[in-house]
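Student:
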Amino acid sequence: MVELIIYLEPSNPLKGIINEFIEDTSKNLVVNTAIKYNAHITMTGFFTVSTADEAGRVKDQLNSIIEQYKTKLNTRPLVQYSPSLVEDSVNEPTHLLLPVTVSDEYVAIMQVLASHGLPLRIKKINHISLAYWDEPLASSDEHSQWLKHRHLLKKATQINFKQAILETKTWDIVLYERICKGVYVNEPHQFRELARWSLSYD
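Per the working numbering: the sequence shown = residues 43 to 244.
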(Lines of atoms letter the chains of each structure in order from A and count residues from 1; the text may use other names and numbers.)
(Lines give C-alpha, C1' and ligand atoms only; values in the text may rest on other atoms or scores of the structure.)
Protein backbone atom coordinates (compact mmCIF):
# COMPACT_ATOMS: atom_id res chain seq x y z
CA MET A 1 0.00 0.00 0.00
CA VAL A 2 1.08 3.57 -0.74
CA GLU A 3 0.07 6.24 1.79
CA LEU A 4 -0.53 9.70 0.31
CA ILE A 5 -1.49 13.15 1.54
CA ILE A 6 -2.02 16.57 -0.09
CA TYR A 7 -0.81 19.80 1.49
CA LEU A 8 -0.97 23.50 0.70
CA GLU A 9 2.41 24.94 1.65
CA PRO A 10 3.72 28.50 1.90
CA SER A 11 7.02 29.34 0.30
CA ASN A 12 9.77 31.19 2.14
CA PRO A 13 10.09 33.30 4.15
CA LEU A 14 6.90 32.15 5.90
CA LYS A 15 7.68 28.44 5.56
CA GLY A 16 11.12 28.76 7.12
CA ILE A 17 9.97 31.02 9.94
CA ILE A 18 7.09 28.70 10.87
CA ASN A 19 9.40 25.67 10.83
CA GLU A 20 11.81 27.50 13.15
CA PHE A 21 8.92 28.52 15.40
CA ILE A 22 7.64 24.92 15.65
CA GLU A 23 11.12 23.64 16.50
CA ASP A 24 11.75 26.36 19.09
CA THR A 25 8.33 25.86 20.68
CA SER A 26 8.83 22.12 21.01
CA LYS A 27 12.30 22.58 22.50
CA ASN A 28 11.69 25.54 24.79
CA LEU A 29 8.01 25.50 25.77
CA VAL A 30 6.48 22.04 25.48
CA VAL A 31 7.18 18.96 23.36
CA ASN A 32 4.30 18.46 20.95
CA THR A 33 3.15 16.71 17.78
CA ALA A 34 3.66 19.61 15.35
CA ILE A 35 7.39 18.82 15.32
CA LYS A 36 6.60 15.75 13.18
CA TYR A 37 5.75 17.96 10.17
CA ASN A 38 6.96 20.93 8.16
CA ALA A 39 4.76 24.02 7.81
CA HIS A 40 1.60 23.19 5.88
CA ILE A 41 -2.17 23.46 5.57
CA THR A 42 -3.77 20.04 5.31
CA MET A 43 -5.98 19.65 2.24
CA THR A 44 -6.74 15.96 2.76
CA GLY A 45 -6.15 13.41 5.44
CA PHE A 46 -3.86 10.49 4.74
CA PHE A 47 -5.27 8.07 2.17
CA THR A 48 -3.95 4.90 0.56
CA VAL A 49 -3.74 3.44 -2.92
CA SER A 50 -2.57 -0.06 -3.75
CA THR A 51 0.48 0.55 -5.93
CA ALA A 52 3.00 3.12 -7.11
CA ASP A 53 1.22 3.11 -10.48
CA GLU A 54 -2.00 4.15 -8.78
CA ALA A 55 -0.14 6.91 -6.97
CA GLY A 56 1.09 8.05 -10.38
CA ARG A 57 -2.48 8.19 -11.62
CA VAL A 58 -3.46 10.33 -8.62
CA LYS A 59 -0.64 12.70 -9.53
CA ASP A 60 -1.83 12.89 -13.15
CA GLN A 61 -5.44 13.44 -12.14
CA LEU A 62 -4.50 16.17 -9.68
CA ASN A 63 -2.29 17.85 -12.27
CA SER A 64 -5.17 17.95 -14.75
CA ILE A 65 -7.58 19.37 -12.17
CA ILE A 66 -5.16 22.07 -11.00
CA GLU A 67 -4.57 23.12 -14.61
CA GLN A 68 -8.33 23.53 -15.04
CA TYR A 69 -8.59 25.68 -11.92
CA LYS A 70 -5.32 27.58 -12.12
CA THR A 71 -6.78 30.78 -13.60
CA LYS A 72 -9.35 30.82 -10.78
CA LEU A 73 -6.74 30.49 -8.04
CA ASN A 74 -6.01 34.20 -8.08
CA THR A 75 -6.43 34.94 -4.37
CA ARG A 76 -3.59 33.96 -2.08
CA PRO A 77 -4.43 32.31 1.26
CA LEU A 78 -5.22 34.91 3.92
CA VAL A 79 -3.20 34.10 7.04
CA GLN A 80 -3.86 35.68 10.43
CA TYR A 81 -0.77 37.53 11.64
CA SER A 82 -0.65 36.06 15.16
CA PRO A 83 -1.40 32.55 16.45
CA SER A 84 -4.70 31.61 18.07
CA LEU A 85 -5.29 29.13 20.86
CA VAL A 86 -8.00 26.51 20.97
CA GLU A 87 -8.72 25.75 24.63
CA ASP A 88 -10.56 23.03 26.53
CA SER A 89 -13.28 23.35 29.16
CA VAL A 90 -10.82 24.45 31.84
CA ASN A 91 -9.23 27.07 29.59
CA GLU A 92 -6.06 25.09 28.96
CA PRO A 93 -4.49 25.16 25.49
CA THR A 94 -5.08 22.18 23.24
CA HIS A 95 -4.06 23.54 19.80
CA LEU A 96 -1.94 26.53 18.80
CA LEU A 97 -2.58 27.48 15.18
CA LEU A 98 -2.49 30.18 12.54
CA PRO A 99 -6.01 30.62 11.13
CA VAL A 100 -6.15 30.71 7.32
CA THR A 101 -8.90 31.59 4.86
CA VAL A 102 -8.76 30.26 1.29
CA SER A 103 -11.09 30.68 -1.67
CA ASP A 104 -13.64 27.97 -2.48
CA GLU A 105 -11.56 26.75 -5.43
CA TYR A 106 -9.08 24.95 -3.15
CA VAL A 107 -11.83 22.78 -1.69
CA ALA A 108 -13.37 22.32 -5.14
CA ILE A 109 -10.10 20.85 -6.46
CA MET A 110 -10.16 18.22 -3.72
CA GLN A 111 -13.83 17.48 -4.37
CA VAL A 112 -13.18 16.89 -8.06
CA LEU A 113 -10.25 14.63 -7.20
CA ALA A 114 -12.45 12.65 -4.81
CA SER A 115 -15.03 12.20 -7.58
CA HIS A 116 -12.51 9.92 -9.31
CA GLY A 117 -13.26 7.29 -6.67
CA LEU A 118 -10.48 8.12 -4.23
CA PRO A 119 -11.15 7.65 -0.50
CA LEU A 120 -10.36 11.27 0.40
CA ARG A 121 -11.11 12.95 3.71
CA ILE A 122 -11.24 16.54 2.53
CA LYS A 123 -10.14 18.99 5.20
CA LYS A 124 -11.44 22.49 5.88
CA ILE A 125 -8.14 24.00 4.68
CA ASN A 126 -8.33 26.67 7.36
CA HIS A 127 -5.22 26.61 9.56
CA ILE A 128 -1.52 25.91 9.99
CA SER A 129 -0.84 23.86 13.12
CA LEU A 130 1.92 25.21 15.36
CA ALA A 131 1.54 23.05 18.48
CA TYR A 132 -0.84 20.30 19.59
CA TRP A 133 -0.86 16.82 21.12
CA ASP A 134 -1.74 13.63 19.25
CA GLU A 135 0.55 10.92 20.61
CA PRO A 136 -1.28 7.63 21.22
CA LEU A 137 2.00 5.81 22.01
CA ALA A 138 3.31 8.44 24.43
CA SER A 139 4.39 7.26 27.84
CA SER A 140 2.43 8.41 30.86
CA ASP A 141 5.32 10.71 31.75
CA GLU A 142 5.37 12.27 28.26
CA HIS A 143 1.63 12.83 28.38
CA SER A 144 1.91 14.35 31.85
CA GLN A 145 4.62 16.74 30.62
CA TRP A 146 2.27 18.00 27.89
CA LEU A 147 -0.53 18.56 30.41
CA LYS A 148 1.86 20.24 32.84
CA HIS A 149 3.51 22.65 30.39
CA ARG A 150 0.92 23.31 27.66
CA HIS A 151 -0.16 26.53 29.43
CA LEU A 152 3.16 28.00 28.24
CA LEU A 153 1.75 28.09 24.71
CA LYS A 154 -0.20 31.19 25.73
CA LYS A 155 3.09 33.08 25.47
CA ALA A 156 3.30 32.20 21.78
CA THR A 157 0.15 34.15 20.89
CA GLN A 158 2.28 37.30 21.17
CA ILE A 159 4.34 36.30 18.13
CA ASN A 160 3.58 38.27 14.96
CA PHE A 161 4.19 36.71 11.54
CA LYS A 162 2.96 39.75 9.59
CA GLN A 163 6.18 40.59 7.75
CA ALA A 164 6.83 37.02 6.63
CA ILE A 165 3.23 36.62 5.51
CA LEU A 166 3.35 39.79 3.43
CA GLU A 167 6.68 38.79 1.85
CA THR A 168 5.51 35.29 0.88
CA LYS A 169 4.55 35.50 -2.78
CA THR A 170 3.81 31.90 -3.73
CA TRP A 171 2.06 28.87 -2.27
CA ASP A 172 2.35 25.26 -3.46
CA ILE A 173 -0.07 22.36 -3.64
CA VAL A 174 2.05 19.29 -2.86
CA LEU A 175 1.37 15.57 -3.16
CA TYR A 176 3.43 13.49 -0.73
CA GLU A 177 3.93 9.83 -0.03
CA ARG A 178 4.55 9.05 3.63
CA ILE A 179 7.35 6.51 3.55
CA CYS A 180 7.84 6.18 7.31
CA LYS A 181 5.40 7.03 10.09
CA GLY A 182 6.84 8.68 13.17
CA VAL A 183 5.01 6.80 15.90
CA TYR A 184 6.93 8.04 18.94
CA VAL A 185 7.12 11.48 20.54
CA ASN A 186 9.61 13.73 18.71
CA GLU A 187 9.93 11.24 15.83
CA PRO A 188 9.20 13.05 12.54
CA HIS A 189 7.24 11.46 9.73
CA GLN A 190 9.29 10.90 6.59
CA PHE A 191 7.81 12.01 3.27
CA ARG A 192 8.70 11.65 -0.39
CA GLU A 193 7.52 14.49 -2.61
CA LEU A 194 5.68 13.12 -5.65
CA ALA A 195 4.59 16.40 -7.24
CA ARG A 196 4.47 20.14 -6.53
CA TRP A 197 2.34 22.80 -8.20
CA SER A 198 3.42 26.39 -7.54
CA LEU A 199 0.72 29.05 -7.43
CA SER A 200 1.60 32.69 -8.05
CA TYR A 201 -0.77 35.58 -7.40
CA ASP A 202 -1.10 38.97 -9.01
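C-beta atoms are modelled at their ideal positions from N, C-alpha and C, and glycine is treated no differently.
Using only the alpha-carbon positions, how far apart do A76 and H231 sit?
Tutor: Taking the sequence shown and counting its residues from 1, the one referred to as residue 76 is at position 34. Taking the sequence shown and counting its residues from 1, the one referred to as residue 231 is at position 189. Cα to Cα, A76 sits roughly 11 Å from H231.
Student: Cutting at 7 Å between CB atoms, please list the residues of its own chain near P5, excluding the five before and the five after it.
Tutor: Look at the range of the chain in this structure, 43 to 244, and you will see that residue 5 is not part of it.
Student: What are the residues that DSSP puts in a beta bridge with I170?
Tutor: Position 128 of the sequence shown, counted from the first residue, corresponds to residue 170. Answer is L140.
Student: Per DSSP, E219 is paired with what?
Tutor: If you number the sequence shown from 1, residue 219 lands on position 177. Looking at the DSSP assignment, E219 forms a beta bridge with L46, R234.
Student: Using the rule of at least 16 other Cβ atoms within 10 Å of the residue's Cβ for burial, across every protein chain shown, is P161 buried or exposed?
Tutor: Here the question's residue 161 lines up with position 119 in the sequence shown. The residue is exposed, with fewer than 16 neighbouring Cβ atoms inside 10 Å.
Student: Taking the Cβ atom as the reference point for each residue, do R234 and V216 lie within a distance shorter than 8 Å?
Tutor: As a first step, residue 234 must be located in the sequence shown, where it is residue number 192. As a first step, residue 216 must be located in the sequence shown, where it is residue number 174. No, the Cβ-Cβ distance between R234 and V216 is not below 8 Å.
Student: Between S171, I164, Q153, which has its C-alpha nearest P135's C-alpha?
Tutor: Here residue 135 refers to the residue found at position 93 of the sequence shown. The shortest Cα separation from P135 among S171, I164, Q153 belongs to S171.
Student: Where do the N-terminal and C-terminal ends of the alpha helix (DSSP H) with L155 fall, by residue?
Tutor: If you number the sequence shown from 1, residue 155 lands on position 113. Taken as a continuous stretch (DSSP letters only), the alpha helix (DSSP H) holding L155 covers 146 to 156.
Student: In its own chain, which residues sit with a C-beta less than 6 Å from the C-beta of G224, not counting the 5 before and 5 after it?
Tutor: The residue you call residue 224 lines up with position 182 of the sequence shown. K78, P230, H231.
Student: In angstroms, rounded to a whole number, what distance separates the CA positions of K166 and E129?
Tutor: On the sequence shown, residue 166 is found 124 positions in, with the first residue counted as 1. On the sequence shown, residue 129 is found 87 positions in, with the first residue counted as 1. Roughly 19 Å separates the two Cα atoms.
Student: Touch check for the stretch 149 to 156 and the stretch 97 to 116: three-plus C-beta pairs under 8 Å?
Tutor: Cβ pair count under 8 Å is three or more, so yes.
Student: Does the stretch 55 to 75 come within contact of the stretch 170 to 184, defined as at least 3 CB pairs closer than 8 Å?
Tutor: Yes: the two stretches touch, three or more of their Cβ pairs being nearer than 8 Å.
Student: Determine which residues share a DSSP beta bridge with D214 and list them.
Tutor: Sequence index remark: in the sequence shown, residue 214 carries index 172 (1-based). Answer is E51, S240, bridged to D214.
Student: Between A206, T113, Y218, which lies nearest to F63 when the distance is taken from Cα to Cα?
Tutor: Start at 1 with the first residue of the sequence shown, and residue 63 comes out as number 21. Nearest of A206, T113, Y218 to F63, Cα basis: A206.
Student: Out of S182, R220, L195, which one is the CA nearest neighbour of N133?
Tutor: Residue 133 sits at position 91 when you count from the first residue of the sequence shown. Selected option, being the one with the closest Cα: L195.
Student: Counting pairs of beta carbons, one from the stretch 173 to 192 and one from the stretch 91 to 98, are three or more of them closer than 8 Å?
Tutor: Not touching, per the Cβ criterion.
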